[in-house]
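Student: Here it is, the structure in full.
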Amino acid sequence: MRISRATPLQRRPDHNPTNMTSDITAEELYTWCSIPCDQLETHPLRKVPFRLVRDSQHMGIVMARELADEIQKNNAGNRSTRAIIPCGPACWYAPFTALINEKKISLKNFVVFHMDECLDWQGRELPKKHPYNFRGFMERNFYDPIHSSLAVPTENRHWLNANNTLDVKEKIEQAPIDITYGGWGQDGHIAYNQARRHPFSKVSLDDLRQSTIRVQENNIDTIIALAQRTFGAAYQFVPPMSVTLGVKECLSAKKVRLYSDTGKWKQTALRVALFGHLTPEYPITLCQEHPDVLITATVKTATHPISENPDWDLGLSSK
């Protein structure tokens, strides 16, 4: 499908990165969520480049090819590829490893900074086979299937834990990051940069913009969303803490590519990312400031229930 890119002229004329209000009104949300899915790519008020793909399988192939192309381009120039890589969406691992093995693309100069990791209540790593142990999942699905002659060297795999945040931060700062791959959460978090809702510790938009690697407790809504997604709503099994790269690291890359095939719990955050103003309530809105960003979503993720039910009366004063 066609990629449609926003330009600075498409942003609101009162765009002011340092003084945006954090509150998004129900009326604004209703307007953004009412836009039909097939109008998102070309909508004149869209503030970020957006691409629509059919389904998870299609998205996985797109993600695999685009990262492989980036690596091949840099290999041809005898340059390393420094990338921030997430654990998920998972649809691209099999196509990527198959493509690397089939085309014999060397990953010897591929330097990977893993985006985040989940932790238990004491900040410790989870058991290797826990579904939210990202390192275990990535080792099994991202690294192990690659032929040993092509594989990413162990020293180029930078994992996060509660004890190495300063070390990873220093390594990221040694040279530019070529590309950030990622998704977004129900509150628009990129990596685990969640909307901070602590009643005694508010953060401004600039605080969020400058946020860096840290260990944190996860928001209650994040825990509920992950419980519903993975454990049949058994929140007791969801890790309560995480360690994450900050917004500063994630958006420092030359290119930022965000993807989602998850569906319902990403739909509203997508609409805010595309049409909303900059706000720490939805960290993904900071992507509007990046010069080379592209958000990709499946039709299921991009279709909002409000857009499909225009007859709903949600009790708003005006629609």
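Residues in the sequence shown are numbered consecutively from 1, following full-length UniProt numbering. Every residue gets a Cβ at the ideal spot worked out from N, C-alpha and C, and that includes glycine. Note that this is a predicted model, so its numbers are computed, not measured.
Give me the Cα-Cα distance between serine 211 and alanine 94, rounded to the nearest whole angstrom.
Tutor: Taking the straight line joining both Cα atoms gives about 33 Å.
Student: Hey, serine 106 and leucine 150 are a contact pair by Cβ (cut 8 Å); roughly how many whole angstroms apart?
Tutor: That pair is a contact at about 5 Å.
Student: Starting from the N-terminal side, write out each stretch of the alpha helix (DSSP H) that is 4 residues or longer and does not extend beyond the region 77 to 145.
Tutor: Whole alpha helix (DSSP H) segments, 4+ residues: 93 to 103 and 134 to 138.
Student: Going by C-alpha distance, which of Ala98, Glu70, Leu316 and Ser307 is nearest proline 36?
Tutor: Ranking the options by Cα distance to proline 36, first place goes to Ser307.
Student: Report the CB separation of alanine 269 from isoleucine 284 in whole angstroms; it is logged as a contact under 8 Å.
Tutor: Contact holds; Cβ gap of about 6 Å.
Student: Measuring alpha carbon to alpha carbon, tell me which of Ser317, Gly315, Pro44 and Gly188 ends up nearest threonine 262.
Tutor: Here the closest residue by C-alpha is Gly188.
Student: CA-CA distance, leucine 64 and glutamate 70?
Tutor: Going by the sequence as given, residue 64 is alanine instead of leucine. Rounded to whole angstroms, alanine 64 to glutamate 70 spans 10 Å at the Cα level.
Student: Could you tell me which residues DSSP puts in a beta bridge with glycine 182?
Tutor: Glycine 182 pairs with Leu258.
Student: Proline 145 to proline 153, Cα distance in whole Å?
Tutor: Rounded to whole angstroms, proline 145 to proline 153 spans 14 Å at the Cα level.
Student: Which value, in whole angstroms, describes the spacing of the CA atoms of lysine 300 and glutamine 39?
Tutor: Taking the straight line joining both Cα atoms gives about 14 Å.
Student: Leaving aside the five residues before and after valine 238 along the sequence, list all residues of the same chain whose C-beta is less than 6 Å from its C-beta, in chain order.
Tutor: Same-chain partners within the cutoff: Ile223, Leu226 and Ala227.
Student: Decide if aspartate 120 is buried, meaning its Cβ has at least 16 other Cβ atoms within 10 Å, or exposed.
Tutor: Per the 10 Å Cβ criterion, exposed.
Student: Could you tell me the distance, in whole angstroms, from the CA atom of residue 354 to the CA atom of glutamate 173?
Tutor: There is simply no residue 354 to check, as the chain begins at 1 and stops at 319 in what is shown.
Student: Lysine 266 to lysine 103, Cα distance in whole Å?
Tutor: Rounded to the nearest angstrom, the two C-alpha atoms are 34 Å apart.
Student: DSSP three-state label for asparagine 218, please.
Tutor: Correct three-state label for asparagine 218: coil.
Student: Would you report the Cα separation of glycine 136 and lysine 129, rounded to the nearest angstrom?
Tutor: Using only the alpha carbons, I get a separation of about 6 Å.
Student: Thinking C-beta only, is lysine 254 closer than 8 Å to isoleucine 190?
Tutor: Their beta carbons are not under 8 Å apart, which means isoleucine 190 does not touch lysine 254 by this criterion.
Student: Do you know whose CA, among Met138, Cys33, Pro49 and Thr31, lies nearest valine 293's CA?
Tutor: Comparing Cα positions, the closest option is Pro49.
Student: Could you tell me the distance, in whole angstroms, from the CA atom of aspartate 23 to the CA atom of aspartate 116?
Tutor: For aspartate 23 and aspartate 116, the distance between alpha carbons rounds to 27 Å.
Student: If you pair each beta-carbon of the region 153 to 163 with each one of the region 71 to 79, do three or more pairs fall below 8 Å?
Tutor: As far as the Cβ criterion goes, the region 153 to 163 does not touch the region 71 to 79, which means the pair count is below three.
Student: Would leucine 258 pass as a contact of glycine 183 if the rule is Cβ separation under 8 Å?
Tutor: Yes, they are a contact pair.
Student: What three-state label does DSSP hand leucine 29 in the structure shown?
Tutor: Three-state DSSP puts leucine 29 in a helix.
Student: On the three-state DSSP scale, how would you describe arginine 46?
Tutor: In the structure shown, arginine 46 sits in coil (DSSP, three-state: anything other than H, G, I, E or B).
Student: Under a three-way DSSP split, which group does asparagine 164 fall into?
Tutor: Reduced to three states, the DSSP call for asparagine 164 is coil.
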